[in-house]
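Engineer:
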Amino acid sequence: MAVSQYKLGALLSYTTMGFNALAGLLYTPWMVSCIGATDYGLYTLALSVVNMFLLDFGLSQAVTRFLARYYAREDKRSVPMFLGVVYKLYFILTIVIAAVFAAIYLNADLLYANLSQGELDTFKNLFAVAALYSCFLMPCMPFEGILVARERFIALNICTLVYRVLLVAGIVVALLSGMGVFALVVVNACMGVLYAAAKYIIIKKCTGDRADILSWNGDIAREMLGFSVWQAIAQSTEQVSSVIMPSILAITSGSVAVAMFGLASMINGYVYEISNVLRKMLYSSIARILQESDARVKLQNQSIQVGKLQLALTGFFLVGFIAVGDRFVSCWMGPGYPTLSLCCILIIAANVFRMPQCVGDNALTLEGYVKQKAFLGIFQMTLVVIFGAMFSWKFGLVGGCVAVFLAGFLRAVGLQYLINRYLGIDARMFLAGTFVPWLLPAIISGAGGLAISHIVPLSGWSGFIVCGLGTFLLYALLSLAFSWKGNDRVRILRQLGLMPKRPVGRE
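Quick note: the sequence shown uses the working numbering, first residue 598, plus one each step.
1) Rounded to whole angstroms, what's the CA-CA distance from SER657 to PHE688? Just pull it up for me.
2) Grab the span of the alpha helix (DSSP H) containing GLY859 for me, first residue to last.
3) Indicate the three-state DSSP secondary structure (helix, strand or coil) for SER900 in the structure shown.
4) Just curious, the alpha helix (DSSP H) that TRP1035 is in, first and last residue?
5) Any idea what DSSP makes of ILE945, helix, strand or coil?
6) Identify the continuous alpha helix (DSSP H) that holds GLN888 and give its terminal residues.
7) By Cβ distance, which residues of its chain are closer than 6 Å to ALA909, with the 5 residues on each side in sequence left out?
8) Decide if ILE1052 is buried, meaning its Cβ has at least 16 other Cβ atoms within 10 Å, or exposed.
9) Using only alpha-carbon positions, find the residue among VAL783, ALA794, PRO932 that is nearest to GLY1057.
10) Just checking my contact of PHE950 with PHE1006 at CB under 8 Å: how many whole Å lie between their CB atoms?
11) Roughly how many angstroms separate the alpha carbons of SER1122 and VAL647, rounded to a whole number?
12) Applying the criterion that 16 or more other CB atoms from any shown protein chain within 10 Å of the CB defines a buried residue, is ILE1040 buried or exposed?
13) I'd like to check one pair, VAL784 with LEU569: are the Cβ atoms closer than 8 Å?
14) How is ASP806 classed by DSSP in three states: helix, strand or coil?
15) With a threshold of 16 other CB atoms inside 10 Å of the CB of GLY775, please say whether the residue is buried or exposed.
16) Buried or exposed: where does ILE1016 fall if 16 or more other Cβ atoms within 10 Å of its Cβ makes it buried?
17) Under the three-state reduction of DSSP, which class applies to TRP627: helix, strand or coil?
18) Following the continuous alpha helix (DSSP H) through CYS955, name the residue where it begins and the one where it ends.
19) According to DSSP, simplified to helix, strand and coil, what is TRP1058?
20) Three or more beta-carbon pairs under 8 Å between the region 734-749 and the region 656-673, yes or no?
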């Protein structure tokens, strides 16, 4: 697969994330002012209830995993039968979820007794449209897994970016036209259908994959369902802290702590999504490596190279919050959030240990060690509950964030043990090749960023931007100087256009 698929695909993913974050920050308050807080609450409720049941229970991950293995083995005969089984399973799941939606709609007056009759009628109308289009789109969920397994990242991410832009544009037009909250759900439905249709066209034109709908293979179905159950458990514990900790803080520390933890989790969610781009894109390349005779050596090398890149990325957010986190929080939320920056640092730090392991993590999934990963996720969830109750009772919000950090760190240690045991990737070589070269640039740039933040007299957004850029430049220069070897450094500078390309025909 051409390198441009990865480079441009990653760039498009980051662009989409930036657009999402910016659009959400800018037009959400305007949306509330246009339709009113009550209708916005009903709109959010309808979508959240639908999304609560739009789980594929690990099936989408299974699609990517199995297809990546088939493609790596060049087993073209198994693909149509596998896709036929996949679509049948999704169709069965759609029927079950449709029955659940029907039960919710018919019993909405009992489930949401606190809503007035007018609010209940509005909710039922919104929910009906959202549920109908969600059931229509459910069988289309494998499309993304097919495109990821086929490494069609450019087409997929262009499609996603256009969908996001059209969705925001449609909502803006509906709000400007005064169409009301019902139009917002209709816009979501129309754009969702167009998005699914576009992915189907890409699959048909670019991959040539076809599903054998008439055939059935019980062995494939059992293997896929067995994988999916454990993968669903492992996947559901990925961001378990953001689900469990608010309830613990509500008991031990009150609503203010819950609100501040929610803000920190939102920031961490952006960091996680940005760091997760490479993890999702590497499936097929890792599957090909696993088919080779020297798989362990190549996997070791790739885990270090990708781990360094992931660490440089997530590490920047950690260093940035250490240096200018207080300035950012002050600009973003205003005064009154003194511990929010520290909470962000603690939660992001857990990802700093975990995200560099993405190559080994993906390889474990491809090799079928999802049960072990699921038990590791349950272990982390248990630690969050135990540590969260212990620390937040005495130290409040900060104690809860310390619990999240410790649980995440111990999960990373456990994951490295699984990678070492089942894949043969040497943990000491991995740590020496990733974390050790990163520490010195991180410490110096963090301290330097703090000094810049104290020296610069500017306040507000201008002061934050100046200090943030200073910290970024210091971090980038030190990372290039100390974290990357000569050849890697030259390659990065060439890709950034800061050095001339190697002449054609020369090594």
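Note that the Cβ used here is the ideal one computed from N, Cα and C, for glycine as well. Note that the coordinates shown come from a computational prediction; the quantities given were computed from them, not determined experimentally.
Structural biologist: The relevant details are as follows:
1) To locate residue 657, count along the sequence shown from 1; it is residue 60. To locate residue 688, count along the sequence shown from 1; it is residue 91. Taking the straight line from one Cα to the other gives about 14 Å.
2) As a working note, residue 859 is residue 262 in the sequence shown. Unbroken alpha helix (DSSP H) run through GLY859: 852-878.
3) Here residue 900 is taken as the residue at index 303 of the sequence shown, counted from 1. If DSSP states are grouped into helix, strand and coil, SER900 belongs with the helices.
4) Translated into the one-based positions of the sequence shown, residue 1035 becomes position 438. 1024-1052 is the extent of the alpha helix (DSSP H) around TRP1035.
5) Residue mapping note: residue 945 aligns to position 348 of the sequence shown, counting from 1. Helix.
6) Counting from one through the sequence shown, the residue named residue 888 turns up at place 291. Note, GLN888: premise wrong, no alpha helix (DSSP H); not H, not E.
7) As a working mapping, residue 909 is identified with position 312 in the sequence shown. Hits under 6 Å: SER1076.
8) By one-based count along the sequence shown, residue 1052 stands at place 455. It is exposed - the Cβ of ILE1052 has fewer than 16 other Cβ atoms within 10 Å.
9) Residue 1057 sits at position 460 when you count from the first residue of the sequence shown. When only C-alpha atoms are compared, the closest one is PRO932.
10) Taking the first residue of the sequence shown as position 1, residue 950 is located at position 353. Taking the first residue of the sequence shown as position 1, residue 1006 is located at position 409. Indeed they touch by this definition, with Cβ atoms about 5 Å apart.
11) The first residue shown for the chain is 598 and the last is 1104, placing residue 1122 beyond what the model contains.
12) Here residue 1040 refers to the residue found at position 443 of the sequence shown. Classification of ILE1040: exposed, given that the 10 Å Cβ count is below 16.
13) Lying before the first or after the last residue shown, residue 569 is absent from the chain, which here runs from 598 to 1104.
14) Translated into positions along the sequence shown, residue 806 becomes position 209. DSSP places ASP806 in coil when its eight states are reduced to three.
15) In the sequence shown, counting from the first residue as 1, residue 775 sits at position 178. With fewer than 16 Cβ atoms within 10 Å of its Cβ, GLY775 is classed as exposed.
16) The count along the sequence shown starts at 1 and reaches residue 1016 at position 419. Answer is buried; the Cβ neighbour count reaches 16.
17) Here the question's residue 627 lines up with position 30 in the sequence shown. Helix at TRP627.
18) As a working note, residue 955 is residue 358 in the sequence shown. It spans 955-963 - the alpha helix (DSSP H) in which CYS955 sits, taken as one unbroken run.
19) By 1-based counting over the sequence shown, the position of residue 1058 is 461. Helix at TRP1058.
20) yes
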